[in-house]
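Visitor: In my numbering, the protein residues as written are 5 to 333.
(1) Alpha carbon to alpha carbon, how far is residue 239 from residue 210? Give it in angstroms, no decimals.
(2) Going by beta carbon distance, what residues of the same chain come within less than 7 angstroms of residue 189, once the five residues before and after it are set aside?
(3) With DSSP collapsed to three states, give me the class of residue 331.
(4) Taking DSSP as the reference, what is the three-state secondary structure of residue 247?
(5) Look up residue 157 in the DSSP assignment and say whether it is helix, strand or coil.
(6) May I have the straight-line CA-CA distance separating residue 137 from residue 43, to the nearest angstrom?
(7) Taking the CB atoms as reference points, tell me whether residue 177 and residue 92 lie closer together than 8 angstroms.
(8) Just the C-alpha distance for residue 94 and residue 207, rounded to the nearest angstrom, thanks.
(9) In angstroms, rounded to a whole number, what distance separates the CA positions of residue 68 and residue 229?
(10) Where do the ends of the alpha helix (DSSP H) carrying residue 48 lie?
(11) My output table needs one value for residue 171: the three-state DSSP class, helix, strand or coil.
(12) If contacts are defined as beta-carbon pairs under 8 angstroms, then residue 273 and residue 72 qualify, I think. What distance do you get, rounded to the angstrom?
(13) Can you give the Cα-Cα distance for residue 62 and residue 79, rounded to whole angstroms?
(14) Are residue 147 and residue 83 touching if we call contact CB-CB under 8 angstroms?
(15) Under DSSP, the alpha helix (DSSP H) around residue 207 begins and ends at which residues?
(16) Out of 175, 16, 41, 51, which one is the CA nearest neighbour of residue 286?
(17) Please confirm if the segment 108-122 is in contact with the segment 28-47, defined as three or more CB-CB distances below 8 angstroms between the two stretches.
(18) Going straight from the alpha carbon of residue 316 to that of residue 258, what length do you get?
(19) Thinking C-alpha only, which one of 142, 264, 289, 66 is nearest residue 236?
(20) Start and end of the alpha helix (DSSP H) containing residue 141?
(21) When you compare each of 97, 32, 16 to residue 291 by their alpha carbons, which one comes out closest?
(22) Could you check what DSSP says for residue 315 in three-state terms: helix, strand or coil?
(23) Under 8 angstroms by Cβ, that's how I've got residue 89 and residue 114 pegged, so tell me the actual separation to the nearest angstrom.
(24) Considering only the beta carbon of each residue, do residue 75 and residue 226 sit closer than 8 angstroms?
(25) So, at 7 angstroms on beta carbons, what are the nonlocal neighbours of residue 64 in its own chain, with the 5 sequence-adjacent residues on each side left out?
(26) Could you name the residues of the same chain whose beta carbon sits closer than 7 angstroms to that of residue 308, not counting the 5 residues immediately before and after it, in chain order?
(27) Excluding the 5 residues flanking residue 313 on each side, which residues of the same chain have their C-beta closer than 8 angstroms to its C-beta?
(28) On a Cα-Cα basis, can you pick out the residue from 223, 268, 35, 299 that is closest to residue 24?
(29) Among residues of its own chain, excluding the 5 on either side of residue 289, which ones have a beta-carbon nearer than 8 angstroms to its beta-carbon?
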């Protein structure tokens, strides 16, 4: 649609407006459809259950967004989450249910894993797809080795209470997701780190010619992604009460990438926002939720998710040019 003139001088670029708000539009449509199809959807119990379930994907998607902003990709996030769940159960047993030590060690291992991945991408110039694909295999293998292929039950009451408890009527895990989203939103919009990360995805050569250490920022985003994945794995493990390489975080990397794409991020880097990524997570979550309420099997859910991803990408591609905001150094 052509630009429309308002009051004789102000124009609305409808194409850009549509392209930049695909996730919001899809989410609003899903809200209307879901509330129409099921009377249970808008009950407080269902909403809070949905938000609890979406906390791990939200954490992982935030890390994935920053990797994609640099023009990279991280296929290892699901396996890191699974590995972290296994290490959580393992360290709780080994260190007499000391939750603080356990969380610290799990996040430290994930950070080291992410730093090594980032080093191979940033310093050795290896393709992110190949490096993180190998990382996915390694992390999954480590999870099976440590657990010996069997799930380990988590009995730590503080961790379990974190999964089921609430503050001011809102679940603890949802508060965690809110804090993380706000934090990453501030980092992306108001900090030098956020601007440089986005600028690297837009034009890494220009960033390097400006005297900025692009390698440091690229390594950092993989560390962030790994730590967020580990946090998601810990939260997931607390919900199901298990540390398992097989049951935790299945296809989490695909959902994280899908959420970022639905949110309008450019896989080539340089474009994407925290709030739109959050809406992408909500879109995927609502699809699964309403179809479960309607007793629809899992396979049609996968088909619908794929269709929505394609539609979102097609609508975004229909815009004019490549909108890179806040990408100057």
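In this text, a Cβ means the ideal position worked out from N, Cα and C, and glycines have one as well. Bear in mind the structure is a predicted one, so any value in this text is a computation, not a measurement.
Guide: Checking against the coordinates, here is how it stands:
(1) Approximately 39 angstroms, taken between the alpha carbons.
(2) 278, 279
(3) With a pLDDT of only 38 at residue 331, under the threshold of 50, the placement of this residue in the model should not be trusted; the figure read from the coordinates follows. Coil at residue 331, not helix or strand.
(4) strand
(5) strand
(6) For residue 137 and residue 43, the distance between alpha carbons rounds to 42 angstroms.
(7) no
(8) 43 angstroms
(9) 6 angstroms
(10) 48-73
(11) strand
(12) Correct: roughly 7 angstroms between the Cβ atoms.
(13) 16 angstroms
(14) yes
(15) 196-213
(16) Among 175, 16, 41, 51, the Cα nearest to that of residue 286 belongs to 51.
(17) Three or more beta-carbon pairs separated by less than 8 angstroms are not found between the segment 108-122 and the segment 28-47, which leaves the two stretches without contact.
(18) 16 angstroms
(19) 66
(20) 132-151
(21) Of 97, 32, 16, the residue nearest in Cα terms is 32.
(22) Residue state, collapsed to three classes: helix.
(23) That pair is no contact at about 11 angstroms.
(24) no
(25) 81, 85, 232, 233, 236, 256, 260
(26) 291
(27) Result list for residue 313: 262, 265, 266, in chain order.
(28) 268
(29) Once the five neighbours on either side are set aside, the close Cβ partners of residue 289 are 54, 57, 58, 61.
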